[in-house]
Amino acid sequence: MENVLDYDYNSLYEKLKREKIEPYRATQIFDWIYKKKVSSFSVMTNLSKKLRENLSRHLEVRFPELVTTARSKDGTVKFLWKYDDKSTVESVLLRYPGRTSACVSSQVGCALGCEFCATGKSGFVRNLTSGEILAQILGMEKAENERIGNVVFMGMGEPMLNYDEVMRAIRVMVDSKALKISQRRISISTAGVVEGIKRLSNEPLDVILSISLHAPDDEKRSRIMPINQRYPLSVLLNAVKEYQSIKKRRVTFEYILFDGFNDSLKDAMKLVEILEDINCNVNLIAYNETGSKFKRTPADKARQFEEFLKAHGLEAVIRVEKGSDIDAACGQLRRRIL
Ligand code: SAH
Ligand code: SF4
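Under our numbering, the very last position in the sequence shown is 327; numbers go up by exactly one each time.
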């Protein structure tokens, strides 16, 4: 049966109309699901019993099973979910002073096969539906009895290769009748799928675009990210510039520091050069070692890299590491359990 979580407001409105149910009931249903956090029509008491029965004939509120959680000393909680077809994905809840952020998955596995990534190494299974993405957020809010104010698509999968479902999920996230999360508190992270960046430029949405760069030249980037062969840096960075000329917003670049691979000052200089005319900030990420041949850059060397970028006018920060005691890199919990 169809899952009501897979509907954004307009499509639910139309669906109810088609089923001869008063379409304005969509507002009440959204209120119960996204604000009161219920998971069954039967408890929606401002709808008549007849209407609830009628709804249950057409739709259900379907959540994945929570398989396990891992809890870090720093407040980070990692969730492993299982959908009806036995597919599993991870989400992570991250606590910062004054806000709680969710890192969600957009696909089961990932087809892009980045060398350093546990998800990439596990292959691609399928896309998630928008409801399956939203259920991760609702499930975490319910489990922790806490409101999530920020969402990053940095869990498993490449969001730009599941574009329509990701956009539908975002429409519900930002909808004031549903989760009411500010647009600028949602980040889409991409390994560099240029069509997706182009589509996003024309979307009436103001989310944060985050590019996983991880290397300062084509030779190195192609060695760790196969997608670079399809979209080399010049093509990718042009798409980012075009995005920026339309949206007039700062973009983020993610750069994992790999010991002895991309962390020399020469690499830093190249990075300064290629990002010169882009309004951006650079997040330097400590690598979560996942059994690949890569190792994490030592902290003092990472600091030097950061200082070099800053001295050359780039806004760079070493991202605070969260949940390192629970294998925070996505794909790791799933791999350990299965
Ligand atoms: N597919 C998208 C989004 C999911 S990955 C993308 O690649 O951007 C989210 C981020 O986590 C990416 O920047 C990715 O490169 C990074 N990442 C993957 N494995 C990691 C690891 N083991 N340690 C640190 N970051 C990792
Ligand atoms: Fe896929 Fe992103 Fe992992 Fe690359 S880093 S394999 S794009 S999830």
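Built from N, CA and C at the ideal position, the CB exists for glycine as well.
Can you give me the Cβ contacts of residue i inside the same chain, cut-off strictly under 7 Å, excluding the 5 residues immediately before and after it?
{"i": "F333", "result": "Residue 333 cannot be examined here, being either before or after the span of the chain that is shown, -10 to 327."}
{"i": "Q218", "result": "S211"}
{"i": "I231", "result": "It should be pointed out that residue 231 corresponds to Glu in this sequence rather than to Ile. Once the five neighbours on either side are set aside, the close Cβ partners of E231 are S190."}
{"i": "D207", "result": "N217, P221, L222"}
From the DSSP output, read off the bridge partner residues of residue i.
{"i": "C103", "result": "C103 pairs with nothing; no bridge assigned."}
{"i": "S80", "result": "F68"}
{"i": "E61", "result": "Note that residue 61 is Ser in the sequence shown here, rather than Glu. Answer by DSSP bridge pairing: none, since S61 is not bridged."}
{"i": "R389", "result": "Since the displayed the chain opens at -10 and closes at 327, residue 389 lies outside it and no answer follows."}
{"i": "A305", "result": "V271"}
{"i": "S176", "result": "V141, I197"}
{"i": "N(-8)", "result": "E49"}
{"i": "R88", "result": "Y85"}
{"i": "R285", "result": "F247"}
{"i": "E262", "result": "In DSSP, E262 forms no bridge with anything."}
{"i": "T241", "result": "S199, N270"}
Where residue i and residue j are concerned, what is the direct C-alpha to C-alpha distance, given to the nearest angstrom?
{"i": "Q293", "j": "N191", "result": "38 Å"}
{"i": "V240", "j": "Q172", "result": "14 Å"}
{"i": "S61", "j": "E79", "result": "15 Å"}
{"i": "Y244", "j": "A291", "result": "11 Å"}
{"i": "R325", "j": "I10", "result": "For R325, the predicted structure reports a pLDDT of 49, less than 50, and the residue's modelled location is therefore unreliable. A value from the coordinates is still provided. Computed Cα separation, rounded: 46 Å."}
{"i": "L101", "j": "I213", "result": "11 Å"}
{"i": "D(-5)", "j": "E49", "result": "10 Å"}
{"i": "I18", "j": "E130", "result": "18 Å"}
{"i": "I315", "j": "L202", "result": "25 Å"}
{"i": "L222", "j": "N(-8)", "result": "40 Å"}
{"i": "I200", "j": "A59", "result": "28 Å"}
{"i": "M156", "j": "M149", "result": "9 Å"}
{"i": "L82", "j": "I137", "result": "8 Å"}
{"i": "T286", "j": "E104", "result": "17 Å"}
{"i": "Q96", "j": "W21", "result": "27 Å"}
{"i": "L226", "j": "D266", "result": "10 Å"}
{"i": "C350", "j": "L260", "result": "Residue 350 lies beyond the stretch modelled for the chain, which goes from -10 to 327, so this question has no answer here."}
{"i": "S28", "j": "S111", "result": "32 Å"}
{"i": "A107", "j": "F283", "result": "12 Å"}
{"i": "R7", "j": "L127", "result": "27 Å"}
{"i": "N134", "j": "K236", "result": "35 Å"}
{"i": "S313", "j": "N43", "result": "48 Å"}
{"i": "H47", "j": "I175", "result": "31 Å"}
{"i": "E154", "j": "Y220", "result": "23 Å"}
{"i": "L168", "j": "E121", "result": "15 Å"}
Any heavy atom of the ligand SAH closer than 7 Å to the CB of residue i?
{"i": "M156", "result": "no"}
{"i": "S201", "result": "yes"}
{"i": "N277", "result": "yes"}
{"i": "I245", "result": "yes"}
{"i": "F294", "result": "no"}
{"i": "I197", "result": "no"}
{"i": "F142", "result": "yes"}
{"i": "I213", "result": "no"}
{"i": "I274", "result": "yes"}
{"i": "S178", "result": "yes"}
Excluding the 5 residues preceding and the 5 following residue i in the sequence, name in chain order all residues of the same chain whose CB lies nearer than 8 Å to its CB.
{"i": "R41", "result": "F30, S31, M33"}
{"i": "V306", "result": "N270, V271, N272, L273, E295"}
{"i": "D252", "result": "L246, T286, K290, A291, F294"}
{"i": "G302", "result": "V261"}
Shorter than 7 Å, the distance from the beta carbon of residue i to the closest heavy atom of the ligand ATP, or not?
{"i": "F250", "result": "Summarising the ligand content, the structure contains the ligand SAH and the ligand SF4 and does not contain the ligand ATP."}
Between residue i and the rest of its own chain, which residues show a CB-CB distance below 6 Å, the 5 nearest in sequence each way excluded?
{"i": "D(-3)", "result": "R157, R160, V161"}
{"i": "G146", "result": "S94, S95, Q96, C99"}
{"i": "R115", "result": "V97"}
{"i": "I186", "result": "A228, Y232"}
{"i": "N151", "result": "S95, Q96, N116"}
Query raised in the report: Mind listing, in chain order, the residues whose beta carbon lies closer than 5 Å to a non-hydrogen atom of the ligand SF4?
Result: Those residues, listed in chain order, are C99, L101, C103, C106, T108, G109, E147, A180.
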